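Peer 1:
In this note's numbering, the protein residues as written are 48 to 192.
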């Protein structure tokens, strides 16, 4: 099943900071029998955002510093982001590093928080966010095909 417009709208609301609209869309998605499209969309968006920010040639310290900055901003009590998991997930986008040992809850929570930080740092306008989501949707649909 391809990514739906409701799934894209939910992620768009989240990334643009409209959390009441996000919660409304998300509750509809959670009640849907097929949430696979949304999970694929978030993962694809995460990969797209990481590839826009980091390269294979970046020193490991760049990823470590980014994760530390995100944790300082979004996870002050240290309960939401496992730094090692976050660093591994970023590196896995452009390397062959496996992350299969991480549970799905950790992966999902880490992806959505890091994704928001990555997109926030880009300061995309409406058209830029739409283009980003279109690219993420295209990638997610390729994965789902």
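Where is the CB? At the ideal position from N, CA and C, for every residue including glycine.
As the structure is a prediction and not an experimental result, all values here were calculated from the model.
(1) Residue 50 to residue 58, Cα distance in whole Å?
(2) Does the distance from the C-beta atom of residue 60 to that of residue 103 stay below 8 Å?
(3) Identify whether residue 204 lies in helix, strand or coil by the three-state DSSP scheme.
(4) Please name the residue, chosen from 73, 94, 120 and 67, that lies closest to residue 164 on a Cα-to-Cα basis.
(5) What number of angstroms, rounded off, separates the C-alpha of residue 132 from the C-alpha of residue 122?
(6) Which complete beta strand (DSSP E) runs does the stretch 102-178 hold, if anything under 3 residues is left out?
(7) Whose CA, out of 128, 162, 69 and 66, lies closest to the CA of residue 140?
Peer 2: According to the structure shown:
(1) Here residue 50 is taken as the residue at index 3 of the chain shown, counted from 1. Here residue 58 is taken as the residue at index 11 of the chain shown, counted from 1. Each residue's alpha carbon lies about 11 Å from the other.
(2) Start at 1 with the first residue of the chain shown, and residue 60 comes out as number 13. Start at 1 with the first residue of the chain shown, and residue 103 comes out as number 56. Between residue 60 and residue 103, the C-beta gap is not smaller than 8 Å, which leaves the two residues out of contact.
(3) Nothing can be reported for residue 204, as the shown portion of the chain is limited to 48 through 192.
(4) Counting from one through the chain shown, the residue named residue 164 turns up at place 117. Comparing Cα positions, the closest option is 120.
(5) Taking the chain shown and counting its residues from 1, one reaches residue 132 at position 85. Taking the chain shown and counting its residues from 1, one reaches residue 122 at position 75. Going by the C-alpha atoms only, they are around 14 Å apart.
(6) Taking 3 residues as the minimum length, the stretch 102-178 contains no beta strand (DSSP E) run wholly inside it.
(7) Stepping through the chain shown from its first residue, residue 140 is reached at position 93. For residue 140, the closest of 128, 162, 69 and 66 by C-alpha to C-alpha distance is 162.
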